[in-house]
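Written out below as C-alpha cells is the structure these notes cover.
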Amino acid sequence: MITLSPLRWGKPYESLDFTDVVHFDTGEPIARVGNVGGGIVGRDMRQAHKARQALLEFSTDELIERCKQAAVLFESADLSVGDSQQSVDQFVHQQSASTGLPEHMCRSNMAKNSFVLSNIDQILDCLTRGLDLSFFSRGYGEEGRGVIVSYQSQTPVLGAVLPNNSPGVHTLWLPAIPLQVGLALKPGSQEPWTPYRMVSAFIEAGIPAAAFGLYPGGHDAGGAILTKTPRSMIFGSAQTVAQHEGNPRVQAHGPGFSKVLIGDDVVDDWENYLDLLVESVLSNSGRSCINCSGIWASRHTREIAAAIAEKIGPVDVLPPSDPNAQLAAFTVPAMATGTHAMVQQDLAESGVEDMTASFGEKLIERDHCAYLRPMVVHADSPDRQVASKEYMFPFVSVVKCPQDQMLRRIGSTLVGTVLTQDQQLIHAAGSSIDIDRVNIGPIPTNRLNWLQPHEGNLIDFLYRSRAYQVADMPVATNT
Amino acid sequence: MSTADGTVSEEVAQQASDAKSRLDEHTVKTVHWHFSEETGSPFWLEKKSELNFDPLKDVKCFDDLKKFPEFEDEWLRGGPVRRWVPKGHAGKPTYVFETGGTTGVPKSRVVVEDHWTDYELFSDTLPDQYFPKGSNWLMLGPSGPRRLRLAVEHLAQHRGGICFCIDLDPRWVVKLIKKGWMDHLEEYKKHCVDQAVTVLTAGHDVKCMFATPKLLESLGEALEEKGTSIPECGITGIFSGGTEFTPQWTKFCVEELLGGPPEEGGVYMTPTYGNTLMGLACSKPVTAADGYKISYYAPQPRAVTEVVTFDDYNQVVGYGETGRVKLYTLTDEFFVPGFMERDEGERESPFATYPWDGVSGVRPFHELAGATTVGVY
Chain V
31 MITLSPLRWG KPYESLDFTD VVHFDTGEPI ARVGNVGGGI VGRDMRQAHK ARQALLEFST
91 DELIERCKQA AVLFESADLS VGDSQQSVDQ FVHQQSASTG LPEHMCRSNM AKNSFVLSNI
151 DQILDCLTRG LDLSFFSRGY GEEGRGVIVS YQSQTPVLGA VLPNNSPGVH TLWLPAIPLQ
211 VGLALKPGSQ EPWTPYRMVS AFIEAGIPAA AFGLYPGGHD AGGAILTKTP RSMIFGSAQT
271 VAQHEGNPRV QAHGPGFSKV LIGDDVVDDW ENYLDLLVES VLSNSGRSCI NCSGIWASRH
331 TREIAAAIAE KIGPVDVLPP SDPNAQLAAF TVPAMATGTH AMVQQDLAES GVEDMTASFG
391 EKLIERDHCA YLRPMVVHAD SPDRQVASKE YMFPFVSVVK CPQDQMLRRI GSTLVGTVLT
451 QDQQLIHAAG SSIDIDRVNI GPIPTNRLNW LQPHEGNLID FLYRSRAYQV ADMPVATNT
Chain F
14 MSTADGTVSE EVAQQASDAK SRLDEHTVKT VHWHFSEETG SPFWLEKKSE LNFDPLKDVK
74 CFDDLKKFPE FEDEWLRGGP VRRWVPKGHA GKPTYVFETG GTTGVPKSRV VVEDHWTDYE
134 LFSDTLPDQY FPKGSNWLML GPSGPRRLRL AVEHLAQHRG GICFCIDLDP RWVVKLIKKG
194 WMDHLEEYKK HCVDQAVTVL TAGHDVKCMF ATPKLLESLG EALEEKGTSI PECGITGIFS
254 GGTEFTPQWT KFCVEELLGG PPEEGGVYMT PTYGNTLMGL ACSKPVTAAD GYKISYYAPQ
314 PRAVTEVVTF DDYNQVVGYG ETGRVKLYTL TDEFFVPGFM ERDEGERESP FATYPWDGVS
374 GVRPFHELAG ATTVGVY
C-alpha cells in the first residue's frame, strides 16, 4: 500500500497520524496518508517567502519550459509518488478507486490538467493580455508606449484547500508556478492523487522542491492554510462560498449553477442542440460546476426535457473500468441518500415533473457507496424551487420562462451558454453580472477555453496593478 | 515492567494485586458512605430504592459496581443541585462546576475539596526540576463555570507559587465555529494569546503553565513572531490535556515549539486526561523513542478508567485492544459507578508507577465523532 507523507517545502515529513484512503466499493485501504495539524502549516507559512525565492532563481521562460516537461511527465511517466513508483495506469486506477469516478473520466481529467500545463505559455499570455512575464519577477516594466506598469506580488505562495472528488479543478492552481508563486496545498482526503503526482512531476522536471508544501490533514490544516497564506482558494459547497464572500484573501469555488438559455429565435429548432444539452448535463457524471443544471426556454420545454430524459434516463451503473461508464459513485452513501431526499422534496412541488420517472429507481445503494442515476425534471415556471438547484450527479431542470424574464431570474450562473442570434439578448447576456463565463452560440457548458479566465483572473488574484513612478536621480556634483 | 501484550513482571503483578485490593476496599467504603442515611446524598439515597440490589450489602468489591445501571449524564442536568451534596458534607462551603452547556442545560457537579485533592495528587507526579516549587504559573484556558481555573490556581499555590489566569470561554468558541465566524474565532484566540504574551514578557518569573493544546500552539507561534519562544520566556514545565493531545501533536510541539525533549530544550510537557466528573488522569512519560505514545492512568482508587467493548460496556477489552473509555469516580464527595465517556482508546498494562490499567490513543468515540466539536480551544 502506498504511503503519502506531508511535504514541507520539499522535505517529506514523518507524521505519526495516518488516515487510510479506501476503495469506494470494497472499503479496502488503498493508501495511507500522513496528516499534519494547523500548527505545522502555520509554522511553515512563516517561511513561505523561501518558496517564492526558490522560484525567482529561474526566469519565467525557464519555468514555463519545465512546466511543459512536467505536463509530459504527469501524463505519461512513472513517477515517485509517496514511497512508491506510480505509473499512469496505477494513478488512474487509484484515483478511480477512491473517488468513485469511472477510469476514463480520470484519464480525461488527467489530460485536462496536462493540457493546461502544456499550453501554459499561451494561457499566461492571454491572462496577462500579452504582458512580458518578467514584469512579475521584477515588479514593474515598460509597456512599450513609454508607460511603466507595475504588478506587485500579493503573496509568496498560493494556498489551496482542494476537493475530495473533483480531479478537474487542479487546473486552477497550476499557473502559480510559472508566475513564481509557491504552492501550499491541502489535498482532498479521497483525492490526494493529483496534487501528489503533479508536484512529483514538477520536481522531476526541475522545478525546485522548496516551492511546494503538501499538507494533508483535517479542518485544522485547511483552516491554517486559509488564514496563514495571503492568497488561497477553497473548493466546497454554497455554504463554503458564502462563508468567504467578500474576503479578498480567499477565492472560494463552489456550485456553478451553469445553464443553457435558449432564445425565442431558435427554440423551435431545439432538436439541433440536443447533443449539446446532453453533453452539458452528463459529462464527468454531472459532478462539475461547469455541468449544466438548468435549461431555460420560453416554449417546448416539456419536449426538450423529454428528449434529454430519453437520452440520459437509461444510463445505469457500470464498473469504473468500463469505458462506457457514465456515473460516478457517491463514496459517502449518506450524501446520495440525502441528495435523493432533497430531490424528492423538489418533485413534491406542483408544476414540477420528473421526466425520467419511467427509467427506474434512481438511488442505487451498495455496501460502501451509492449512486444516483440521471434525472431530468420539468419546471413550468422559474418560481419552482427546483429551478435554482444543482446536485452532484447528472441532474437538470428544464425551466419554462419567457425570454424577457430569463436574465432577471436565472441567478448566479458560472457558465451561461446562450443559444440565439438575437442581438438584444446577446448584449443583455454579455452585460449580466449573474453570468461569469458567457458562451454565445452552441458551446456545451463543460467545454472551457483555457485562454479565458475562470472565476476571476488568477493574475489579478496573485498580483496587484499599482503605480510605479521612476525619475532619474540628479548627478552628484564633484567637488 | 510491562509489555505490549499485557504481560507484566512478577513485581508489577504483585503491585497490581495490592492496588486491586485497595480499590476493592475503597469501593466498599465509598458505596457505604453514599448509600448510608447519615452520610449519603439525596440523589443516591433516592436512587437506592430503584435498584434491584442493596448496595450496602451486595457491593463487596470494585467489580460489584457493574451491578449498577449505567450512569446517565442526563441526571446531572438541572436541579436542584444540592441533591448531589452528601449529608456527610452538609454545611461545608460547596462549589458547582459545569461541563458542556453551549446550548441547553449544562451538566453540573458539586465539589467540596475534590478538585484540590485531585491536583495535589497530580502535583506529586510533576518533576520539581521542571516545575520548580515556589515558581509562578500561568493558566491559559477555560475558567468561568469550569473547575480548571480554580484547580490550576490551587496547584500553583500548593507548590508555593502564584497563578496568573487568562480566561477563554469555550461555549462562545463552539458557537463561533457553528456559526462559521472563523475570523471572530481567530480574533478571540488572538485576544487570549496576546494576554498570555503580555504576562510572560512582563517579568513575573512564570516558569510553569497550563494551556490547552490549541492555545499552547498559538502562544508558541505568537512568541516566535515576536522573536522569542516558550523556552526563552522562561517556561520549563507545561501540562495540557484533551483528545487533540495526540502523538503527532506532541511530536510537533516537542520538536518544533519546545526545542526538543526536556533534556535538550529545557521544557517538560505532560499530557493529562480527565473531566469535571472524574478528575485528572496522569500520563506515562512521553518519549520520541516510544513514538510519542500517550497512555493515561487514573488516580486510583479515587477514580478508575476502563476500556470496554463497544457492545458490552461491562466487558473489559484485552490489553492493546480498542474499546470505549468508561470512567468511575469514587470519592466521598461524588459517586459515579461507571460513566461512558465520549472517547475510545486502547487498554494499557499496569506498570510500576501506576500498577493498574491505563488507556492510550484516546480519541473521540467513532460513533459520536461526527457530532462532537473537539479541539476548539
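Sequence lines, in order, name chains V and F. Just remember that our numbering sits 30 ahead of the position in the first sequence, which is counted from 1. Just remember that our numbering sits 13 ahead of the position in the second sequence, which is counted from 1. Glycine included, C-beta positions come from ideal geometry on N, C-alpha and C.
Asked	Found
DSSP three-state label for Gln499(V), please.	coil
Relative to the alpha-carbon of Val448(V), which residue among Met365(V), Glu485(V), Leu481(V), Pro472(V) has its alpha-carbon at the smallest distance?	Pro472(V)
Specify the secondary structure class of Gly92(F) as computed by DSSP and reduced to three states.	coil
Could you give the first and the last residue of the continuous alpha helix (DSSP H) run that contains Val271(V)?	268-274
Which class does Tyr367(F) belong to by DSSP, given the choice of helix, strand or coil?	coil
Could you pull out every residue in the same chain whose Cβ sits closer than 8 Å to the Cβ of Lys339(F), ignoring the five residues on either side in sequence?	Thr318, Glu319, Val320, Val321, Tyr326, Gly351, Phe352, Met353, Glu354
Under 8 Å, CB to CB, which of the residues in the region 44-69 of chain V have a partner in chain F?	Ser45, Leu46, Asp47, Asn65, Val66, Gly67, Gly68, Gly69
For chain V, find out if any of its Cβ atoms is closer than 8 Å to the Cβ of Glu276(F); answer yes or no.	no
Counting contacts by CB-CB distance shorter than 8 Å, is Phe265(F) in contact with chain V?	yes
Thinking C-alpha only, which one of Ala127(V), His457(V), Thr49(V) is nearest Ser351(V)?	Ala127(V)
What in chain V is Cβ-close to Pro260(F), meaning under 9 Å?	Leu46, Asp47
Distance cutoff 8 Å, beta carbons only. Does Gln152(V) sit that close to anything in chain F?	no
Excluding sequence positions up to five away, which residues of its chain have a Cβ less than 6 Å from the Cβ of Leu444(V)?	Gly286, Ser288, Cys319, Asp466
State yes or no: is the beta carbon of Thr367(V) nearer than 8 Å to at least one beta carbon in chain F?	no
Name, please, each residue of chain V whose Cβ falls closer than 9 Å to the Cβ of Gly333(F).	Under the 9 Å cutoff, chain V gives no residues; its nearest Cβ is about 18 Å from Gly333(F).
Out of curiosity, what's the CA-to-CA distance linking Thr241(F) and Leu229(F)?	14 Å
Under 7 Å Cβ-Cβ, which residues of chain V neighbour Met195(F)?	Gly253
What did DSSP end up calling Arg82(V) once you bin it into helix, strand or coil?	helix
Buried or exposed: which applies to Arg168(V), given that a residue is buried once 16 or more other Cβ atoms fall within 10 Å of its Cβ?	exposed
Go ahead and label Val66(V) buried or exposed: buried means 16 or more other beta carbons lie within 10 angstroms of its beta carbon, across all protein chains shown.	buried
Taking Ile251(F) as the reference, give the member of Thr52(F), His379(F), Thr107(F), Ala169(F) with the closest Cα.	Ala169(F)
To which residues of the same chain is Ala254(V) closer than 7 Å at the C-beta, ignoring the five residues directly before and after it?	Gly68, Val71, Gly72
Contact criterion: CB-CB distance below 8 Å. Does Glu269(F) meet it with respect to chain V?	yes
So is Thr259(V) in contact with chain F if we call contact Cβ pairs under 8 Å?	no
DSSP three-state label for Glu95(V), please.	helix
Can Pro208(V) and Cys136(V) be called in contact, C-beta distance under 8 Å?	no
Rounded to the nearest angstrom, how far is the Cβ of Phe54(V) from that of Gly112(V), given a contact under 8 Å?	About 20 Å; that fails the 8 Å criterion.
Can you tell me which of the three DSSP states Lys216(V) falls into?	strand
Run through the DSSP bridge pairs and tell me what Pro42(V) is partnered with.	Leu37(V)
Buried or exposed: where does Gln220(V) fall if 16 or more other Cβ atoms within 10 Å of its Cβ makes it buried?	buried
Let me know if Glu44(V) comes out buried or exposed under the rule of 16 or more other beta-carbons within 10 Å of its beta-carbon.	exposed
Residues of the region 225-248 of chain F with a CB closer than 7 Å to any CB of chain V: list them in chain order, please.	Glu230, Glu234
What separation, rounded to the nearest whole angstrom, lies between the Cα atoms of Asp524(V) and Gly460(V)?	Outside the displayed span of chain V (31 to 509) sits residue 524(V), for which this structure offers no information.
Does the beta carbon of Glu380(F) come closer than 8 Å to any beta carbon on chain V?	no
I'd like the list of long-range same chain contacts for Val290(V), defined as Cβ closer than 7 Å, with 5 residues on each side in sequence excluded.	Leu307, Ser310, Cys322, Ile325, Thr447, Leu449, Thr475
Would you mind reading off the limits of the alpha helix (DSSP H) that contains Ala32(F)?	23-48
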